[in-house]
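This report refers to the structure that appears directly beneath it.
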């Protein structure tokens, strides 16, 4: 009876059902992985935007404090100069020369400050890019672990080979997507850094 029931058509139907189930499982896994990647990318982008906003606010505050200090120093210098002018009229020419030298020194200091701001922004950008790369590496490792676990769970002879091939293709596609996303994020951060530098220079 059993031999009569187990014919080639029934075996083919069973194999087709198994393959359909495996394909459905793989599609579900791909969808889950894509959702995880999208969530992580949105988190990364929001973190980048928040950190850049914080950096801009800190830089503006520091710039304002430095400007206030410079204004106070200039006011003190002006008061001292006025007192000196009242006391010693003969030294006016020398004071004018000193003022010119001070102005030149101030200009040099401003240029040095701008260079420092640019260096700081570059350092912040490098730190952000390194953090993004580390997060993406962690994501890739997690995805690989999930895939390995799935392979261990689904243990069959001929079907496992098909699954491995499909999983390898999925991994390659995911890696390509992640590389494209990394490039996009790096380009976005560079553009934001350039905007920050221009804002700092205008401020």
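In the working numbering, the protein residues as written are 140 to 342.
Beta carbons: idealized from backbone N, C-alpha and C, even for Gly.
Because the structure is a prediction, the values reported are computed rather than measured.
Just the Cα atoms here: how many angstroms apart are residue 275 and residue 237?
57 angstroms
Which of helix, strand or coil does DSSP assign to residue 228?
In the structure shown, residue 228 sits in coil (DSSP, three-state: anything other than H, G, I, E or B).
Out of 217, 191 and 205, state which residue places its alpha-carbon closest to the alpha-carbon of residue 252.
205
For residue 278 versus residue 179, is the C-beta distance shorter than 8 angstroms?
yes
For the 8 angstroms Cβ check, are there 3 or more pairs between the segment 172 to 190 and the segment 312 to 324?
Result yes; three or more Cβ-Cβ pairs closer than 8 angstroms.
Here's the rule I'm using: 16 or more other beta-carbon atoms within 10 Å means buried, otherwise exposed. How should residue 304 be labelled?
exposed
Measure the beta-carbon distance from residue 267 to residue 190 and round it to whole angstroms, keeping in mind my assumption that it falls under 8 angstroms.
6 angstroms
Classification of residue 329 by the beta-carbon crowding that lies within 10 angstroms, buried from 16 upward
Exposed, because fewer than 16 other Cβ atoms sit within 10 Å of the Cβ of residue 329.
Have a look at 306, 243, 199 and 194 and flag the residue whose alpha-carbon is nearest the alpha-carbon of residue 166.
306
Relative to the C-alpha of residue 272, which candidate in 156, 239, 322 and 154 has its C-alpha closest?
Distance check between residue 272 and each of 156, 239, 322 and 154 places 322 closest, using alpha-carbon atoms only.
Can you give the beta carbon distance from residue 183 to residue 324, rounded, assuming they're within the 8 angstroms contact cut?
7 angstroms
In angstroms with no decimal places, state the Cα-to-Cα distance between residue 255 and residue 214.
Going by the C-alpha atoms only, they are around 25 angstroms apart.
Using only CA atoms, which one of 199, 188 and 241 lies nearest to residue 212?
Selected option, being the one with the closest Cα: 241.
Alpha carbons only, please: which of 282, 331, 320 and 333 is nearest the one belonging to residue 310?
Looking at the Cα atoms, 282 is the closest of the given residues.
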